[in-house]
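> Quick one: this structure, given as structure tokens, is what I'll be asking you about.
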Amino acid sequence: QCNCCRLAKCIRIGMNIKSIRTDDQRLERLRLIETNRQKRAENNQIMIRPPNLLNYSSSSLSSYDQTLLSNIFGAYDRTCVMLRFNEELQKPKDYVISLEKVMNSFAHMYMALIQYYKFIPEFSNLPVNIKKTLVKNNLNQLFRINNAVVIKATGITDDVSATIFVRLFPPDLFAELCKCMIAVFSFIYDPILLKLILIVLMFSTHLNIRYDVYQCENENITERIFAIQNIYVELLWRYILYRCSNFQQAVKLFSTFITQLVYSQYVNTKLNEYVAKISPNQTDQLEPIMKAMWLDEKDK
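Residue numbers 1 to 300, in the working numbering, belong to the letters of the sequence shown in order.
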């Protein structure tokens, strides 16, 4: 208080000399003020706790989570569950294989994946140009991840190298593609995991590591995409916790997939370089979706 305030207080209490505190009383009051200050600080202290995701019970998912997962499972069933490589496996050994023929045989699988994403409200509600950018930048890699599910359904997980595709690529590239495929096999026995991962990764800005004209330059759009991705990343993490026996196992599973994804991106750059070398006559025979996904605008 200022001097004027103190004087006004003295006048209010009748200028009583007995109201003046002794030195001991002043010290006691100061101790009381300090004690009360410490108590307030303790009561108002913000406790630093681990994020909710780290404390999430592995025993159950929320009803909302279960609804989302059920919708994801249903969307995949309606669009991609019947995909197979049967046509390619039925070719005779002397069948003349070419890159454009194989790529065209994949066209319906690309379209099925796009239909799958259209069932995801957050993707479906994005502006058309942003959806095109996400598809252009991410679908090739997502197609290869989904191939692990298709190969399992086709029944050729025992010997991928025995397929007709072995004659399509240089030996070193084919070996690396097989390695990427086999690495994903450990994730395909869960009915939801890869289907959910496919959604998480679609909301990446550049999964293909191709820094070209298809970048999302609008910061607001980029933030919106990442906000959507965060929703599904958190759902994925809760599901992993739900499926794993403990937190350490969940971390190991998640880290293993990320490591394999990074390696797969590296191999994908080699695949892009190989496809870019095909002749103009071959590219002219490609289906529109394959041209859109694999060729630069100047090559179409």
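Ideal Cβ placement from N, Cα and C applies to all residues, glycine included. All figures in this text were calculated on a predicted structure; none of them were measured in a lab.
Please identify the residue among LYS118, TYR242 and ILE278 whose C-alpha is closest to the C-alpha of LYS132.
Measuring from the Cα of LYS132, the nearest candidate turns out to be LYS118.
> Label MET293 either buried or exposed according to how many other C-beta atoms from any shown protein chain fall within 10 Å of its C-beta, with 16 as the threshold for buried.
Buried, since its Cβ has 16 or more Cβ neighbours within 10 Å.
> In angstroms, rounded to a whole number, what distance separates the CA positions of LYS195 and ILE97?
In a straight line, the C-alpha of LYS195 is about 31 Å away from that of ILE97.
> When you compare only the Cα positions, how much space is there between ASN230 and GLN66?
Rounded to whole angstroms, ASN230 to GLN66 spans 17 Å at the Cα level.
> Using the three-state DSSP reduction, which class does ASN287 fall into: helix, strand or coil?
According to the sequence shown, residue 287 is Glu rather than Asn. Coil at GLU287, not helix or strand.
> Put TYR110 into one of helix, strand or coil per three-state DSSP.
The answer is helix: DSSP assigns TYR110 an H, G or I state.
> So, helix, strand or coil for ASN246, using DSSP?
Reduced to three states, the DSSP call for ASN246 is coil.
> Measuring alpha carbon to alpha carbon, tell me which residue in SER105, THR154 and LEU126 is nearest THR222.
Out of SER105, THR154 and LEU126, LEU126 has the C-alpha closest to the C-alpha of THR222.
> Taking buried to mean at least 16 other C-beta atoms within 10 Å of its own C-beta, is GLN141 buried or exposed?
Buried.
> Starting from the C-beta of LEU113, find all residues in its chain whose C-beta is less than 7 Å away, skip the five residues before and the five after it, and write them out in chain order.
The answer, listed in chain order, is CYS80, LEU139, LEU142, PHE143 and ASN146.
> In angstroms with no decimal places, state the Cα-to-Cα distance between ARG224 and PHE203.
Near 10 Å, if we compare the C-alpha coordinates of PHE203 and ARG224.
> Just the Cα atoms here: how many angstroms apart are THR283 and SER245?
Using only the alpha carbons, I get a separation of about 49 Å.
> Use the C-beta contact count for ALA148: other C-beta atoms within 10 angstroms, 16 or more gives buried, fewer gives exposed.
Buried is the call here.
> For PHE257, I'd like the list of residues in its chain whose CB is within less than 8 Å of its CB, leaving aside the five on either flank, ordered along the chain.
PHE187 and ILE197, listed in sequence order.
> Have a look at VAL184 and THR259 and give me their C-alpha separation to the nearest angstrom.
One C-alpha to the other measures close to 11 Å.
> By alpha-carbon positions, which one of GLY155, LYS136 and SER124 ends up nearest to ASN272?
Among GLY155, LYS136 and SER124, the Cα nearest to that of ASN272 belongs to LYS136.
> Measure the alpha-carbon distance for ARG84 versus ILE151 and round it to whole angstroms.
Approximately 7 Å, taken between the alpha carbons.
> With respect to the alpha helix (DSSP H) encompassing ASN129, which residues constitute its N-terminal and C-terminal limits?
Looking at the DSSP string, the run of the alpha helix (DSSP H) that includes ASN129 is 128 to 154.
> With C-beta atoms as the reference, is LEU295 less than 9 Å away from ASN104?
In this structure, ASN104 does not lie closer than 9 Å to LEU295 by Cβ.
> From LYS291 to TYR110, what distance separates their C-alpha atoms?
The straight-line gap from Cα to Cα measures roughly 12 Å.
> Taking only the alpha-carbon atoms, compute the straight-line gap between LEU207 and LEU201 and give it to the nearest angstrom.
Approximately 7 Å, taken between the alpha carbons.
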